[in-house]
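Using this note's numbering, read the sequence shown as starting at 560 and increasing by one per residue.
Think of the CB as a built atom: it goes at the ideal place given N, C-alpha and C, for glycine as much as any other residue.
Here the structure is a predicted model, which is why all the values come from computation and not from measurement.
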Amino acid sequence: MDNNIQIGSERLMLRPIRLEDSGSIFTYRSDAVINQYQGWIPKTIEDVHDFITRRTSPEINLPGTWSQFVILKKDNNELIGDVGVHFLDSAGFQVELGCTLNSNHQGKGFATEALMAVINFLFNRLNKHRVIASIDPRNLKSIQLFERLGFRKEAHFKQSIFINDEWVDDLIYAVLKDEWNTRS
């Protein structure tokens with residue numbers, strides 16, 4: 560991934576994930592209770608190393624790949640979360656987002672601010688057409704977050720994803736570029 564990419568907002572800076580981020584990421588991602596709706600919960604620091612080196616694309620904007628950005632507070636450079644961007648289609652116009660925030664920093668508007676910055680980057684710098692989020696219907700905080708961002712519910716798939724040893728439903732939320740750029 561182009562390590563020079565930086566996405567900024569008022570309080571936050573997002574940049575591509577690095578191996579040296581492993582310890583901070585393990586601290587908040589390994590909490591199975593807080594992250595019960597996540598598809599990936601590392602059990603060891605080596606799981607985080609593997610995730611960074613094998614499952615994160617070294618280049619941004621390649622169809623079928625994930626790019627992972629860490630969320631840093633500008634005032635103290637503390638790593639407080641991450642945003643995953645999945646480049647879905649071969650035409651390159653649709654992406655999926657996921658966000659994980661350290662529980663110590665939830666409820667302070669950081670996820671909203673980080674996602675707004677990433678969505679602006681995707682629509683206005685990478686010229687994406689549609690951004691989606693796949694959400695477990697039990698994850699009410701994520702549903703509220705994406706609705707607050709102006710995403711609409713497009714689908715509810717019954718028991719369509721096998722995660723953490725169970726079949727779970729999947730909600731799809733989405734927003735189009737023209738909707739995003741004309742929101743009030």
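Residue i at chain B interface by Cβ criterion, 8 Å
i           : result
residue 646 : This model lacks chain B altogether; it includes just one protein chain.
Own chain, CB closer than 8 Å to residue i, minus 5 neighbours either side, in chain order
i           : result
residue 708 : 671, 674, 675, 678 and 734
residue 718 : 726, 727 and 728
residue 565 : 572, 573 and 574
Close beta carbons around residue i, own chain, < 6 Å, minus the five adjacent residues each side
i           : result
residue 695 : 596 and 727
residue 611 : 576 and 578
In DSSP terms, what residue i is bridged to
i           : result
residue 712 : 732
residue 719 : Beta-bridge pairing links residue 719 to no other residue.
residue 630 : 573 and 640
residue 726 : 721
Beta-carbon separation (whole angstroms), residue i vs residue j, contact threshold 8 Å
i           : j           : result
residue 692 : residue 716 : Going by Cβ atoms, the distance from residue 692 to residue 716 rounds to 13 Å, so no, they are not a contact pair.
residue 730 : residue 690 : Actually they do not touch by this definition, with Cβ atoms about 15 Å apart.
residue 584 : residue 641 : 7 Å
residue 625 : residue 643 : 5 Å
residue 601 : residue 616 : Not quite, the Cβ-Cβ distance comes to about 19 Å (not below 8 Å), so this is no contact.
residue 685 : residue 740 : That pair is no contact at about 14 Å.
Problem - Length at least 4, wholly inside the region 646 to 706: the alpha helix (DSSP H) runs in chain order - result: Within the region 646 to 706, complete alpha helix (DSSP H) segments of at least 4 residues are found at 669 to 683, given in chain order.
Handout entry: Cβ contact (3+ pairs, closer than 8 Å) linking the region 644 to 654 and the region 569 to 588
Key = Not touching, per the Cβ criterion.
Practice task
Just list the beta strand (DSSP E) runs in the region 561 to 624, keeping only unbroken ones of 3 residues or longer that don't cross its boundaries, in chain order.
Solution key: At a cut-off of 3 residues, the continuous stretches assigned as beta strand (DSSP E) that sit fully inside the region 561 to 624 are 571 to 575.
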